[in-house]
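The C-terminal position of the sequence shown is numbered 284 in the working numbering, with every residue numbered one higher than the one before it.
For reference, the structure is listed below as structure tokens.
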Amino acid sequence: MIYKIAKIICSVIPHKNTRHHARIALANNLLDLTGKIAYLNDSLIPEFEKANNLISPSSKILVIAPHPDDDVIGCGGILAKYANQCDVMCINSSGFKRPWDTETYEQIADMRIQEFNNVMNFLGIKKYWIWKIFGQPPHFDKILANKDAYLSAVNFSEYTHIFVPDRNDGHREHQFLSNYFIPELLKTQGYNRKTIICHYPVWGTTTNPNYFEDISPVQDKKVQALLLYTSRMQAADNYAKRMTGLNYFYGLFIGTKYAEAFHCENIKDFLAYPDTRNWAKYK
Numbered sequence: 002m003i004y005k006i007a008k009i010i011c012s013v014i015p016h017k018n019t020r021h022h023a024r025i026a027l028a029n030n031l032l033d034l035t036g037k038i039a040y041l042n043d044s045l046i047p048e049f050e051k052a053n054n055l056i057s058p059s060s061k062i063l064v065i066a067p068h069p070d071d072d073v074i075g076c077g078g079i080l081a082k083y084a085n086q087c088d089v090m091c092i093n094s095s096g097f098k099r100p101w102d103t104e105t106y107e108q109i110a111d112m113r114i115q116e117f118n119n120v121m122n123f124l125g126i127k128k129y130w131i132w133k134i135f136g137q138p139p140h141f142d143k144i145l146a147n148k149d150a151y152l153s154a155v156n157f158s159e160y161t162h163i164f165v166p167d168r169n170d171g172h173r174e175h176q177f178l179s180n181y182f183i184p185e186l187l188k189t190q191g192y193n194r195k196t197i198i199c200h201y202p203v204w205g206t207t208t209n210p211n212y213f214e215d216i217s218p219v220q221d222k223k224v225q226a227l228l229l230y231t232s233r234m235q236a237a238d239n240y241a242k243r244m245t246g247l248n249y250f251y252g253l254f255i256g257t258k259y260a261e262a263f264h265c266e267n268i269k270d271f272l273a274y275p276d277t278r279n280w281a282k283y284k
């Protein structure tokens with residue numbers, strides 16, 4: 002049954018190989034999570050409490066999104082709850098064409114940039130960046146070409162918490178960012194050794210979650226924000242329903258209606274993670 006559910010959820014992914022890997026990763030994570038739900042205890046969460054004490058009024062948060070809408074799907078509840086403490090950088094405007102798109106690559110990129118700006122304004126995010134990239138994915142070379150622009154725009158050492166895609170996410174550019182490119186940015190510029198890295202899910206579920214944030218009061222706002230990404234919210238995709246279902250599922254872990262789940266680790270451990278995919282070959 003778990004594998005059938007994973008197959009249905011991942012059916013919307015356009016690329017066959019990405020869809021296959023996402024389905025396997027999601028099924029394995031669902032099996033792992035459903036096994037843990039019966040005996041969730043303090044040993045599962047050695048460094049972070051179960052809910053609502055990861056972020057304090059003095060915390061400064063940076064959400065790094067691979068593409069527009071990943072920000073909301075993965076941690077829109079965090080953005081809605083802590084808007085005054087959050088900055089957002091979107092690495093790639095993701096101007097790529099699906100079979101039914103009639104616009105050019107660049108027109109799609111422009112459209113998604115405008116949607117991203119609208120979402121940030123709706124959520125009340127004051128400081129945000131997005132870079133225009135378009136064409137046939139993957140966009141590894143174009144992201145790498147923008148490295149100096151990312152470094153000049155953002156001072157990573159200012160942040161107490163940096164949210165990044167789950168390193169095992171089903172999307173190849175999401176994996177590229179968390180396993181290779183974001184560590185490269187941090188090592189090049191420098192970083193705050195006390196910063197906490199928080200992994201969030203987009204194409205799948207959180208790997209080994211050790212922190213759950215109650216987002217019940219802002220779930221409706223999170224859904225409204227996602228629906229503002231109109232170019233990617235066709236009825237057939239059901240992104241909002243799938244996202245809501247996952248947030249409902251995570252709420253079971255902490256006894257709330259809706260929650261977001263993250264794997265949190267110190268920045269030293271994040272940077273020490275082995276680069277098993279050898280993303281450096283894209284230099």
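Glycine included, each C-beta is placed from N, C-alpha and C at the ideal position.
Residue range of the unbroken beta strand (DSSP E) whose run includes residue i
i, result
"residue 198", "197 to 201"
"residue 262", "260 to 267"
"residue 163", "162 to 166"
Identity of the residues DSSP links to residue i by a beta bridge
i, result
"residue 66", "91"
"residue 131", "91"
"residue 96", "135"
Buried or exposed by the 16-neighbour rule on C-beta atoms within 10 Å, applied to residue i
i, result
"residue 137", "exposed"
"residue 129", "buried"
"residue 269", "exposed"
"residue 275", "exposed"
"residue 116", "buried"
"residue 47", "Because residue 47 sits at a pLDDT of 48, beneath the cut-off of 50, its placement in the model cannot be relied upon, and the following sentence gives the value as read from the coordinates. The residue is exposed, with fewer than 16 neighbouring Cβ atoms inside 10 Å."
"residue 100", "exposed"
"residue 228", "exposed"
"residue 218", "exposed"
"residue 43", "Any reading at residue 43 needs caution, since the residue's pLDDT is 39, under 50, leaving its predicted position unreliable; the model's value is listed next. Its Cβ having fewer than 16 others within 10 Å, residue 43 is exposed."
"residue 248", "buried"
"residue 154", "exposed"
"residue 210", "buried"
"residue 71", "buried"
"residue 35", "Confidence at residue 35 is low in this model, with a pLDDT of 48, below 50, so its placement is unreliable and the value that follows should be read with caution. Residue 35 comes out exposed."
"residue 279", "exposed"
"residue 222", "buried"
"residue 107", "exposed"
"residue 26", "buried"
Spatial distance of residue i from residue j (CA atoms)
i, j, result
"residue 234", "residue 224", "11 Å"
"residue 98", "residue 68", "14 Å"
"residue 214", "residue 254", "10 Å"
"residue 272", "residue 74", "25 Å"
"residue 88", "residue 132", "15 Å"
"residue 277", "residue 179", "12 Å"
"residue 160", "residue 86", "10 Å"
"residue 250", "residue 165", "21 Å"
"residue 261", "residue 252", "8 Å"
"residue 76", "residue 241", "13 Å"
"residue 148", "residue 186", "7 Å"
"residue 38", "residue 246", "Because the pLDDT at residue 38 is just 40, under 50, the model does not fix this residue reliably, and the value given afterwards should be weighed accordingly. Residue 38 and residue 246: Cα-Cα distance of roughly 16 Å."
"residue 119", "residue 54", "29 Å"
"residue 258", "residue 216", "8 Å"
"residue 79", "residue 184", "22 Å"
"residue 124", "residue 230", "13 Å"
"residue 102", "residue 110", "12 Å"
"residue 56", "residue 198", "12 Å"
"residue 121", "residue 104", "24 Å"
"residue 82", "residue 181", "29 Å"
"residue 127", "residue 243", "28 Å"
First and last residue of the uninterrupted alpha helix (DSSP H) at residue i
i, result
"residue 192", "Taken as a continuous stretch (DSSP letters only), residue 192 belongs to no alpha helix (DSSP H), as it is neither H nor E."
"residue 215", "Careful: residue 215 lies outside any alpha helix (DSSP H), inside the beta strand (DSSP E) at 212 to 215."
"residue 175", "173 to 177"
"residue 103", "From DSSP, residue 103 is part of no alpha helix (DSSP H); its letter is neither H nor E."
"residue 220", "220 to 228"
"residue 153", "148 to 154"
"residue 274", "Where residue 274 is concerned, there is no enclosing alpha helix (DSSP H), given that its DSSP letter is neither H nor E."
"residue 243", "240 to 255"
"residue 82", "71 to 82"
Touch check for the region 192 to 199 and the region 90 to 109: three-plus C-beta pairs under 8 Å?
-> no
Stretch-stretch touch, CB-based, cutoff 8 Å, three pairs: the region 162 to 177 with the region 199 to 208 = yes
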